Amino acid sequence: MTNRTTYRVLAAATALLALGAGAGCSSGDAAGADPQRVDVVAAFYPLQFLAERIGGDAVRVTNLAKPGAEPHDLELNPSQVGQVSDAELIVYLKGFQPAVDDAVAQNGGDRAFDVTSVQPLLDASAGGHDHEGEEGHAEESGGKDPHVWLDPTRLAGIGDQLAQRLGKADAAHAADYTARAAALRADLTTLDGEFKQGLATCQRREIVTSHAAFGYLADRYQLDQVGITGLSPDVEPSPQRLAHVIEEAKEHQATTIFFETLVSPKVAETIAGQVGAKTAVLDPIEGLAAGSNGDYLSVMRTNLQTLQTALSCS
Numbered sequence: 001m002t003n004r005t006t007y008r009v010l011a012a013a014t015a016l017l018a019l020g021a022g023a024g025c026s027s028g029d030a031a032g033a034d035p036q037r038v039d040v041v042a043a044f045y046p047l048q049f050l051a052e053r054i055g056g057d058a059v060r061v062t063n064l065a066k067p068g069a070e071p072h073d074l075e076l077n078p079s080q081v082g083q084v085s086d087a088e089l090i091v092y093l094k095g096f097q098p099a100v101d102d103a104v105a106q107n108g109g110d111r112a113f114d115v116t117s118v119q120p121l122l123d124a125s126a127g128g129h130d131h132e133g134e135e136g137h138a139e140e141s142g143g144k145d146p147h148v149w150l151d152p153t154r155l156a157g158i159g160d161q162l163a164q165r166l167g168k169a170d171a172a173h174a175a176d177y178t179a180r181a182a183a184l185r186a187d188l189t190t191l192d193g194e195f196k197q198g199l200a201t202c203q204r205r206e207i208v209t210s211h212a213a214f215g216y217l218a219d220r221y222q223l224d225q226v227g228i229t230g231l232s233p234d235v236e237p238s239p240q241r242l243a244h245v246i247e248e249a250k251e252h253q254a255t256t257i258f259f260e261t262l263v264s265p266k267v268a269e270t271i272a273g274q275v276g277a278k279t280a281v282l283d284p285i286e287g288l289a290a291g292s293n294g295d296y297l298s299v300m301r302t303n304l305q306t307l308q309t310a311l312s313c314s
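Numbering-wise, UniProt numbering puts 204 at position 204 of the sequence shown, and it's gapless, one number per residue.
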């Protein structure tokens with residue numbers, strides 16, 4: 001059993017034990033801690049962003065993943081399992097966070113909203129190269145890429161459905177949720193237009209990334225992703241994989257190797273040194289950095305500027 005598999009088993013066991021503890025200290029009040037607002041639990045940041053934008057002041061949103069923490073292998077403590085138990089709506093992405101999946105399966109019932117039911121996931125190889133034998137979320141989600149939020153148009157579709165679910169939980173504010181989802185869709189449509197225009201004419205279209213999180217972005221804007229590792233950021237690439245990425249980076253004359261805010265840049269720096277390239281942050285927006293005052297829209301626009309520079313877009 002690999003260390004990664006052992007960790008997952010322990011995390012799942014901890015979550016299941018916590019369910020018992022959480023149930024013991026649960027208030028049992030379906031209205032949650034604030035009877036004036038809908039209690040929403042979001043599994044990680046992009047879903048928190050959606051819930052806050054669409055819910056407005058009619059909801060109270062709790063993000064299970066802390067700022068600055070990598071959300072893939074989130075382990076829930078008893079208090080968080082209690083939050084899942086008490087929430088009026090749980091917004092999650094099945095297959096992305098095993099501990100959240102377990103908590104939802106045990107205690108989510110009809111209060112769970114799986115965003116993959118709105119937007120079917122792309123295959124892990126979409127938007128880039130297929131790297132056989134890579135470990136990561138492919139094994140958890142049937143070879144699917146969970147990073148659906150990196151396509152603004154797909155995120156807008158999820159937002160529309162989230163508004164409907166909030167309206168069912170809180171009929172008095174249903175029209176407000178629909179209106180806010182429409183406003184968010186307009187913002188995301190504007191963002192999509194900026195990406196289309198900004199990446200329309202570039203000298204290069206290959207992006208070398210520390211892990212293969214950008215399949216949806218690559219698919220939407222006709223880029224070609226070369227992931228150093230697969231879907232999971234904490235899997236060490238093999239020497240053979242490193243050599244292959246270095247070869248591809250040289251072949252495509254890559255000037256930039258991208259790494260992420262929540263993951264060590266060491267591997268990206270190693271490859272950049274081998275090919276004479278720079279490194280830069282391309283943020284998969286799985287979570288905000290600790291202390292960040294940005295949001296999904298601002299981080300995506302920073303990503304666009306980074307890509308335009310790296311790919312020499314006119």
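Positions of the beta carbon are idealized from the N, C-alpha and C atoms, including for glycine. Given the structure is predicted, the values throughout are model-derived calculations rather than measurements.
Item                                                                                                         : Value
Inter-stretch contact (C-beta, 8 Å, three-pair minimum) for the stretch 85 to 103 and the stretch 192 to 206 : no
Run of the beta strand (DSSP E) containing residue 379, from where it starts to where it stops               : One cannot answer for residue 379 here, as it falls past the ends of the chain, which runs 1 to 314.
Nearest candidate by alpha-carbon position, reference Leu223, set Ala200, Val235, His244 and Arg241          : Ala200
For Arg180 and Ile54, believed in contact at Cβ under 8 Å, the rounded distance                              : 5 Å
Start-to-end residues for the beta strand (DSSP E) that takes in Tyr92                                       : Leu89 to Tyr92
6 Å Cβ shell around Glu248 - same chain, five flanking residues per side excluded                            : Val226
Proximal residues to Ala169 (C-beta, below 7 Å), its chain only, five neighbours per side dropped            : Val38, Glu88 and Leu89
Cβ-based neighbour list, Val115, same chain, cut-off 6 Å, excluding 5 preceding and 5 following              : Leu93 and Ile158
N-terminal and C-terminal residue of the alpha helix (DSSP H) that Ile158 is part of                         : Pro152 to Ala169
As assigned by DSSP and simplified to three states, the class of Ser40                                       : The residue you asked about is not Ser; residue 40 is Val in the sequence shown. Here Val40 sits in strand by DSSP.
Helix, strand or coil at residue 319 [DSSP, three-state]                                                     : Residue 319 is absent from the model: the chain starts at 1 and stops at 314.
Rounded Cβ spacing between Ser292 and Pro67 (contact assumed at less than 8 Å)                               : 7 Å
Reference Tyr216, options Leu122, Val281, Gly56 and Val61, closest by Cα                                     : Leu122
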